[in-house]
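Chemist: Using the numbering used here, the letters of the sequence shown correspond one by one to residues 203 to 764.
All C-beta atoms, glycine included, are put in the ideal place defined by N, C-alpha and C.
Predicted, not measured: the structure shown is a model, and the values here were computed from it.
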Amino acid sequence: MSDIIVVIALVLVFFFVVVVVVVVVVVVVVVVVVVVVVVVVVVVVVVVVVVVVVVVVVVVVVVVVVVVVVVVVVVVVVVVVVVVVVVVVVVVVVVVVVVVVVVVVVVVVVVVVVVVVVVVVVVVVVVVVVVVVVVVVVVVVVVVVVVVVVVVVVVVVVVVVVVVVVVVVVVVVVVVVVVVVVVVVVVVVVVVVVVVVVVVVVVVVVVVVVVVVVVVVVVVVVVVVVVVVVVLVVVVVVVVLVVLVVVVLVVVLVVVVVLVVLVLVVLVLVVVLVLLVVVLVVLVLVVLVLVVVLVVLVLVVLVLVVVLVLLVVVLLVVVLVVVLLVVLLVVVVVVLLVLLLLLLPNHWENVTELDVSDNGISSLDVSCLTCLTSLVCSNNTITTITLHGATLTALTADNNKLSKLEVRYHPRKLMKLSIARNQLTAVPPWLVSSTEATFVDVSHNHLSSLPAFLTSGHLRRLHTLSAHHNKLSAFSIPQKLSYINNGSASVAAYSNGSSPYRSHNGTKQGPQRSNYGTSSTQHSSQNANLHEEPRLCSLEVLLLHHNKLPSLPANLFTWLNR
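1) Should residue 752 be labelled buried (16 or more other beta-carbon atoms within 10 Å of its own) or exposed?
2) Give the DSSP-derived three-state secondary structure of residue 751 in the structure shown.
3) What residue does the beta strand (DSSP E) around residue 583 start on, and which one ends it?
4) How many whole angstroms separate the CB atoms of residue 266 and residue 489, which I take to be in contact at a CB cut-off of 8 angstroms?
5) Do residue 576 and residue 559 have their beta-carbon atoms positioned less than 7 angstroms apart in this structure?
6) Determine the DSSP secondary structure at residue 756, reduced to helix, strand or coil.
7) Can you name, in chain order, every residue of its own chain whose Cβ lies under 6 angstroms from the Cβ of residue 568, other than the five neighbours on each side?
8) Runs of 3 residues minimum, wholly inside the stretch 356-381: which ones carry the beta strand (DSSP E) assignment?
9) Take residue 476 as the anchor and find which of 587, 225, 232 and 281 has the nearest alpha-carbon.
10) Candidates 374, 389 and 286: which alpha carbon is nearest residue 468's?
11) Along the chain, where does the beta strand (DSSP E) containing residue 568 start, and where does it finish?
12) Could you check what DSSP says for residue 189 in three-state terms: helix, strand or coil?
13) When we look at the beta-carbon of residue 591 and count the other beta-carbons within 10 Å, is it buried (16 or more) or exposed?
14) Taking the alpha carbon of residue 642 as the reference point, which residue from 563, 678, 239 and 596 has its own alpha carbon closest?
15) Nearest-angstrom Cα distance between residue 750 and residue 648?
16) Sort 628, 636, 345 and 621 by Cα distance to residue 614 and report the nearest one.
17) Which residue's Cα is closest to the Cα of residue 482: 249, 276, 741 and 251?
18) Just how far apart, CA to CA, sit residue 562 and residue 672?
19) Can you grab the Cα-Cα spacing for the pair residue 270 / residue 520, in whole Å?
20) Can you tell me the Cα-Cα spacing of residue 350 and residue 391, whole angstroms?
21) Taking 8 angstroms as the threshold, find out whether the stretch 329-348 comes into contact with the stretch 406-426 through three or more Cβ pairs.
22) Along the chain, where does the beta strand (DSSP E) containing residue 608 start, and where does it finish?
23) Residue 618 lies in the beta strand (DSSP E); which residues open and close that run?
24) Let me confirm a value: residue 570 is counted as buried when at least 16 other C-beta atoms fall within 10 Å, else exposed. Which label applies?
25) Which residues does DSSP pair with residue 590 in a beta bridge?
26) Take residue 406 as the anchor and find which of 432, 344 and 395 has the nearest alpha-carbon.
27) In the DSSP output, which residue or residues are listed as bridge partners for residue 637?
28) To which residues of the same chain is residue 460 closer than 7 angstroms at the C-beta, ignoring the five residues directly before and after it?
29) Are there 16 or more other CB atoms within 10 angstroms of the CB of residue 234, so buried, or fewer, so exposed?
30) Are three or more beta carbon pairs between the stretch 249-264 and the stretch 499-512 nearer than 8 angstroms?
31) Using a Cβ cut-off of 7 angstroms (strictly closer), state whether residue 289 contacts chain C.
32) What is the DSSP secondary structure of residue 746, reduced to helix, strand or coil?
33) Given residue 707, which residues of its chain have a CB within under 8 angstroms of its CB, disregarding the five upstream and five downstream residues?
34) Of the residues 620, 573 and 512, which one's Cα is nearest the Cα of residue 236?
35) Taking the beta carbon of residue 662 as the centre, do at least 16 other beta carbons fall within 10 Å, making it buried, or is it exposed?
Set out below in structure tokens:
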């Protein structure tokens, strides 16, 4: 029968190996196809990207060159126009200034000449008039003097004649008669002469006066005319000078305005040129930056594509290798399991001792080790332990994070239990069935009370109980009472289903026993009524330091000495 089972197992293994080989071949083919497709796609993408980049770079370079040429041409044209305009404006301004200066100089010269001529003419006229007046006055004076002299002479002559006549009359009285006629004649002649002289003098005087008046009038008229002419000339000169000043000011203003406009035009053109140059530089920089960014992006894309391809290839190869290894491992494991199940059915029953201390284990399940007698798992981070307790004699699980301890089948042969330095909040209840235990160490935990079976003598061989460094607030010992249940040594179930210390061999957790823990110091966390006859205490070592005990029971030492 066993040979038939072996043959069937070998046939199944062969079939499984064939299926695995077929799957591996299919996976290899798929991986190869995928790798080829990926490589082809990557090559196509790289070629397309390179072509696009080249086209974009060429277009950008052409655009930049065209823009630069256009801007350079515009700048050159603007510069030429500005130079021509500036030259023309400067020439015009120079010509206008020269013309204005020449005109002003000519006008000033003409005005000066006219003024000089007018002044000379006026001076000459005035001199002539003065000379004429002087001559006339002199002539008149001379005439008057002559007339006066003549009159005087005539008068003198008349006087002389009269005197002579008188003398003659006196002398020649005799001759008067003779000479009367002569005298009368002489007198008449003298009178006539005097009258004539007087008339002549009067006429001469009148003529002289008239001449003087006429001369004076003429002189006055001439002077007035000269003054008017001089005034007119001066007015004309002033007007001409004012006009010249106005013209000069207007020309200066025009020149200033033209120069200002020219300067503004030049400034505007310079600003425009600067803006054009700045725009050109910015455009070129932007284009260069865009080209650089594009090239960098393309390179990054190419690198990413290559990296992705390499990653895909590597992943596919890794997947392939992993699949092959997993398949080989599965085949080996299946073959080994089949061989173990067929040829070595009781292999795990040979393991009796296990030590996994000083590792990083966080959970330990050795419930399959049915012949395990000793388990050491100290210095780990174990939080839960599950084991088979049928043959267990020693359990050491110090310095872990243990909060849950499960056993399958009560460890009735357990003699040593060391679970110090963990996070337990209660003593495992299945310990009540370990009546052969001699050493129990539950120190450095979070215990708030101890179960009654530890202090009642139920564990009749218990030699050492270490419960220091906990949170114990009470330590109860049994009191002598009459038997309940007729002195039976049975023990009720000590734990409910919610306890982290469960047993898996039915509803019974241990033998029933009586409870003598009716002392007032009994802790409220005891969930079951334990009734048992007090026995002799076998404890020799009891460690309770570093707890929260307010006091010790009064009969503790008496009980310890029983």
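Modeler: Judging by the given coordinates:
1) exposed
2) coil
3) Premise fails: residue 583 is in no beta strand (DSSP E) and is neither H nor E.
4) 5 angstroms between Cβ atoms; contact.
5) In this structure, residue 559 sits away from residue 576, with a CB-CB distance that is not shorter than 7 angstroms.
6) coil
7) 589
8) none
9) 281
10) 286
11) Segment 565-568, the beta strand (DSSP E) holding residue 568.
12) The structure shown has nothing for residue 189, since the chain only spans 203 to 764.
13) buried
14) 596
15) 11 angstroms
16) Of the candidates 628, 636, 345 and 621, the one whose C-alpha sits nearest the C-alpha of residue 614 is 636.
17) Nearest in C-alpha terms to residue 482, of all of 249, 276, 741 and 251, is 276.
18) 25 angstroms
19) Cα to Cα, residue 270 sits roughly 55 angstroms from residue 520.
20) 20 angstroms
21) yes
22) According to the DSSP assignment, residue 608 belongs to the beta strand (DSSP E) that extends over 606-610.
23) 618-620
24) exposed
25) 610
26) 344
27) Paired residue(s): none; residue 637 is not in a bridge.
28) 291 and 295
29) exposed
30) yes
31) Reference to chain C is not applicable here, since this structure consists of a single protein chain.
32) coil
33) Confidence at residue 707 is low in this model, with a pLDDT of 42, below 50, so the placement of that residue is unreliable and no value is reported for it.
34) 512
35) exposed
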